[in-house]
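A.B. asks:
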Amino acid sequence: MCGIYGAIGLDQLPATRGEIERMGGLLTHRGPHSQKTLVQGSASLGCTRLRIVDLTLVADGPLRSEVGNLSLTCNGEIYNSAQLRARYPDYPYTTRSDLEAIFPLYLDKGLEGLSEINGMFALALWDENHGRFLLMRDRSGEKPLFYAGTPTNFLFASEMQSLLGTQSVSNELDPASLQDYLCLGYVRSPRTIFRDIRQVPAGSMLILENDALTISNYWEPQNIARFERDRRTLRPTPTELLELLRSSVLRQATADVKRGVYLSGGLDSSLLAALLCEIIDPAELTGFTVAFTASSFDESHWASYVAKRLGIQLNRVTLDEPRLERAWRRAITEIADPISDPALLPTIALGELAGQSVNVVFSGEGADELFGGYPTYLGHTLAHRVVGLPSILRKALAAGIQRLPTSHQKVTVSFLAKRFIKDVDSPWVERHLRWFGPGAGKLSLDNDNAIEDLARGFAEDQDTLPVAEAAMLLDYSTYLRDNLLVKLDRGTMLSSVESRAPFLDPDVLRHAWSLPMSSKIKGTQTKVLLKRAAAEVLPRDVIHRRKRGLSLPIASWLNCGLAAEVDRLLDPGRLRRQGLFDASGVAEHLKEHREHRADHSRMLWNVVHLQSWLETWAPSQAGA
4 MCGIYGAIGL DQLPATRGEI ERMGGLLTHR GPHSQKTLVQ GSASLGCTRL
54 RIVDLTLVAD GPLRSEVGNL SLTCNGEIYN SAQLRARYPD YPYTTRSDLE
104 AIFPLYLDKG LEGLSEINGM FALALWDENH GRFLLMRDRS GEKPLFYAGT
154 PTNFLFASEM QSLLGTQSVS NELDPASLQD YLCLGYVRSP RTIFRDIRQV
204 PAGSMLILEN DALTISNYWE PQNIARFERD RRTLRPTPTE LLELLRSSVL
254 RQATADVKRG VYLSGGLDSS LLAALLCEII DPAELTGFTV AFTASSFDES
304 HWASYVAKRL GIQLNRVTLD EPRLERAWRR AITEIADPIS DPALLPTIAL
354 GELAGQSVNV VFSGEGADEL FGGYPTYLGH TLAHRVVGLP SILRKALAAG
404 IQRLPTSHQK VTVSFLAKRF IKDVDSPWVE RHLRWFGPGA GKLSLDNDNA
454 IEDLARGFAE DQDTLPVAEA AMLLDYSTYL RDNLLVKLDR GTMLSSVESR
504 APFLDPDVLR HAWSLPMSSK IKGTQTKVLL KRAAAEVLPR DVIHRRKRGL
554 SLPIASWLNC GLAAEVDRLL DPGRLRRQGL FDASGVAEHL KEHREHRADH
604 SRMLWNVVHL QSWLETWAPS QAGA
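If you read the sequence shown in the working numbering, its first letter stands for residue 4, the second for the next number, and so on.
1) So Phe159 packs on Leu148, CB below 8 Å; how close in whole Å?
2) Could you tell me the alpha carbon to alpha carbon distance between Asp492 and Glu501, rounded to whole angstroms?
3) Alpha carbon to alpha carbon, what distance is there between Ala504 and Leu317?
4) To the nearest angstrom, report how far apart Ser498 and Gly442 are at their CA atoms.
5) Looking at Leu29: is its Cβ nearer than 8 Å to the Cβ of Gln164?
6) With distances taken from CA atoms, which of Gly21, Thr257, Tyr380 is nearest Ile283?
7) I believe Asp426 touches Trp438 by the beta-carbon criterion, under 8 Å. Please report the beta-carbon distance rounded to the nearest angstrom.
8) So for Val293, helix, strand or coil by DSSP?
9) Does the segment 601-619 come into contact with the segment 557-576, if we say contact requires no fewer than three beta-carbon pairs (one atom in each stretch) closer than 8 Å?
10) Is the beta carbon of Leu381 sitting closer than 8 Å to the one on Thr527?
11) With distance defined between alpha-carbon atoms, name the residue in Leu322, Met475, Ser267 nearest to Gly376.
12) Counting contacts by CB-CB distance shorter than 8 Å, is Ala471 in contact with chain C?
13) Quick check: the Cα distance between Gly79 and Gln255, rounded to an integer number of angstroms?
14) Considering only their Cβ atoms, is the gap separating Thr379 from His304 smaller than 8 Å?
15) Over the uninterrupted alpha helix (DSSP H) stretch that includes Leu353, give me the two end residues.
16) Excluding the 5 residues flanking Trp620 on each side, which residues of the same chain have their C-beta closer than 7 Å to its C-beta?
17) Does the Cβ of Leu126 have 16 or more other Cβ atoms within 10 Å, making it buried, or fewer, making it exposed?
18) Hey, Thr350 and Thr321 are a contact pair by Cβ (cut 8 Å); roughly how many whole angstroms apart?
19) Within 8 Å, do at least three Cβ pairs link the segment 530-537 to the segment 230-244?
20) For Val264, report the span of its alpha helix (DSSP H) as first-last.
21) Which word fits His514, buried or exposed, when buried means at least 16 other C-beta atoms lie within 10 angstroms of its C-beta?
22) Using the Cα positions of Ser192 and Leu373, report the straight-line distance between them to the nearest angstrom.
23) Taking the alpha-carbon of Ser272 as reference, which of Lys261, Leu313, Glu246 has the nearest alpha-carbon?
24) Measuring CA to CA, which of Glu472, Gly440, Leu446, Leu448 is closest to Ala458?
25) Roughly how many whole angstroms lie between the Cα atoms of Glu368 and Ala352?
26) Could you please give me the residues that DSSP links to Met606 through a beta bridge?
27) To which residues of the same chain is Arg25 closer than 8 Å at the C-beta, ignoring the five residues directly before and after it?
28) Looking only at C-alpha atoms, which of Val545, Asp510, Ala330 sits nearest to Leu244?
29) Under the DSSP definition of a beta bridge, which residues are partnered with Lys525?
30) Could you spell out where the alpha helix (DSSP H) holding Met26 opens and where it closes?
31) With a cut-off of 8 Å, do at least 3 Cβ pairs link the segment 203-215 to the segment 131-146?
32) So, for Leu41: in the same chain, excluding its five sequence neighbours on each side, which residues have a beta-carbon less than 6 Å away from its beta-carbon?
33) Please classify Gly403 as buried or exposed, where buried requires at least 16 neighbouring CB atoms within 10 angstroms.
34) For a quick check, are the C-beta atoms of Arg33 and Cys5 less than 8 Å apart?
35) Using a threshold of 8 Å, state whether the C-beta atoms of Ser37 and Arg52 are closer than that.
36) Rounded C-beta distance between Val260 and Leu288? I'm assuming under 8 Å.
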């Protein structure tokens with residue numbers, strides 16, 4: 004695991020070493036063990052390394068291959084490196100590094116061969132003999148990779164602050180990306196919040212050769228999902244799924260350092276922990292969980308229950324308001340992505356805790372999107388039935404739901420019901436985006452049809468799928484990739500901890516997409532097949548407890564401990580000077596929230612987080 008950075012000189016001259024090394028200096032949290040820059044021809048490749056596999060100095064990147072005159076820098080882990088080394092035993096390896104196996108694969112099969120890599124990675128490869136520069140990113144987008152062009156250089160880095168630190172890349176905001184952020188809570192790749200910075204899309208290769216820049220996909224979720232579904236002939240079984248997960252965990256468990264697991268006590272993390280304990284001595288595996296002082300949000304007793312059954316040590320971090328505010332300050336001053344998901348804060352706190360004792364943690368990202376875990380998928384099925392009701396019954400239902408009392412507790416029935424009924428008539432993509440998003444686009448001065456425009460921007464051919472299945476594929480390609488995995492990567496790497504997500508193994512992905520919907524959602528039950536598979540290793544009460552997710556007491560925090568800061572950031576005069584938001588609309592929503600007439604916490608937090616983030620990353624646009 005590393006931070007990577009560098010430049011290709013567009014005028015055939017390398018960027019100055021001083022400028023390149025300053026880029027690396029802004030990534031030392033991703034790789035505290037070493038920093039090295041390699042200049043080869045017009046290419047400068049750098050790496051700040053967190054040593055995970057082969058802890059020797061010689062394995063520190065960037066790596067160089069005299070065979071073929073290649074240079075490589077990579078952030079991540081290659082899980083099938085042992086198989087690749089066995090395939091190419093005559094290559095003159097100089098390290099045990101998993102990354103070095105990329106060289107003989109590329110020399111043998113070229114660019115097409117690189118699609119055989121199984122791992123989480125972002126890599127840059129310079130082929131000096133052919134004058135070819137490559138950026139490549141893993142299938143699901145677990146590892147980030149950004150780039151920007153200047154008149155003299157093509158720059159790349161693991162995080163945006165490294166590019167902004169060159170002072171040749173503008174921090175001007177991208178208006179379209181800002182609307183993404185307000186409506187969705189994140190920015191859809193390949194754009195970023197900054198006009199001049201782009202992302203290499205997940206599952207893609209960017210090639211700079213002969214003064215031409217091309218981007219090609221080697222992993223297309225929609226096409227692969229259709230192919231896998233069409234070719235399945237046998238009825239899926241729990242044992243088949245469990246064995247695929249076991250194989251994924253076994254591949255990803257390789258490390259020369261201590262390992263841990265994020266444990267919520269829910270199905271996904273508990274299943275991972277149980278499978279890890281089949282491979283790793285439970286005494287050598289540490290669990291990490293979050294506790295809240297607000298009792299309705301605290302589920303750490305479930306994590307304790309699972310840890311005790313498995314025999315692993317559990318470390319707990321308790322999030323009171325001062326600790327939450329400290330994590331928030333780190334988020335807005337040390338992360339160049341404006342991540343408005345409140346769950347970023349416990350992710351940062353968990354990373355700090357984990358970093359005290361381990362360098363690798365396992366996490367359950369991807370299970371909900373692949374196996375049908377979100378209540379929104381049930382909501383789409385229910386929406387179809389509600390829309391079919393006689394008008395008088397629908398009106399009575401809506402009126403009854405609106406009379407439910409507003410609560411600032413965790414994921415209440417009232418909150419879910421009101422959100423459901425408000426958008427039940429919308430086309431499914433619009434409805435889905437509204438259910439998931441913070442809805443702050445309506446507070447923007449440029450809010451004309453924002454959600455409708457976003458909905459039209461998503462792949463139209465998803466309409467050929469059943470709605471719940473299309474929603475899962477949409478979430479995998481957007482919400483997971485551009486929000487959850489970003490949150491996990493930044494939140495862990497701030498503390499030099501590598502996160503691994505076994506549910507995102509390519510074999511598991513293909514299998515999940517081949518499953519019929521009845522194996523995912525049936526009646527009111529979610530994750531049907533995954534729960535049946537987990538029954539072989541977990542107790543029933545863990546498998547079937549209500550899913551509530553990692554939620555924070557943001558609603559009360561906005562009204563209490565953070566009230567003064569909220570008033571400062573949402574001051575009507577400030578918002579009018581800034582020119583991004585309807586100051587009167589923001590004030591009215593804040594008033595309703597504080598009077599408990601509505602729960603606008605997600606919407607307000609989105610705006611509050613942006614306002615504070617701007618003060619660090621784009622102060623000229625903050626309106627202060």
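Positions of the beta carbon are idealized from the N, C-alpha and C atoms, including for glycine.
Just so we're clear, the structure is a prediction, and the values are computed from it rather than from any experiment.
C.D. replies: A quick look at the data gives this:
1) Between Leu148 and Phe159 the Cβ distance is about 7 Å, and since that is below 8 Å, they are a contact.
2) 8 Å
3) The alpha-carbon atoms of Leu317 and Ala504 are separated by roughly 19 Å.
4) Going by the C-alpha atoms only, they are around 31 Å apart.
5) yes
6) Thr257
7) In this structure, Asp426 and Trp438 form a Cβ contact; the two beta carbons are roughly 7 Å apart against a cut-off of 8 Å.
8) strand
9) yes
10) yes
11) Met475
12) Chain labels in this structure do not include chain C; a single protein chain is all it has.
13) 11 Å
14) no
15) 347-357
16) Asn174, Ala339
17) buried
18) In fact, because the Cβ distance is near 15 Å, the residues do not count as touching under 8 Å.
19) yes
20) Careful: Val264 lies outside any alpha helix (DSSP H), inside the beta strand (DSSP E) at 262-265.
21) buried
22) 20 Å
23) Of Lys261, Leu313, Glu246, the residue nearest in Cα terms is Leu313.
24) Checking every option, the nearest Cα to that of Ala458 belongs to Gly440.
25) Spanning the two alpha carbons is a distance of roughly 18 Å.
26) Answer is none; Met606 lacks a bridge partner.
27) Gly168, Thr169
28) Asp510
29) Gln528
30) Under the DSSP assignment, Met26 falls in the alpha helix (DSSP H) whose first and last residues are 20-28.
31) yes
32) Leu48, Pro65, Ser74
33) exposed
34) yes
35) yes
36) Not confirmed; about 13 Å, so no contact.
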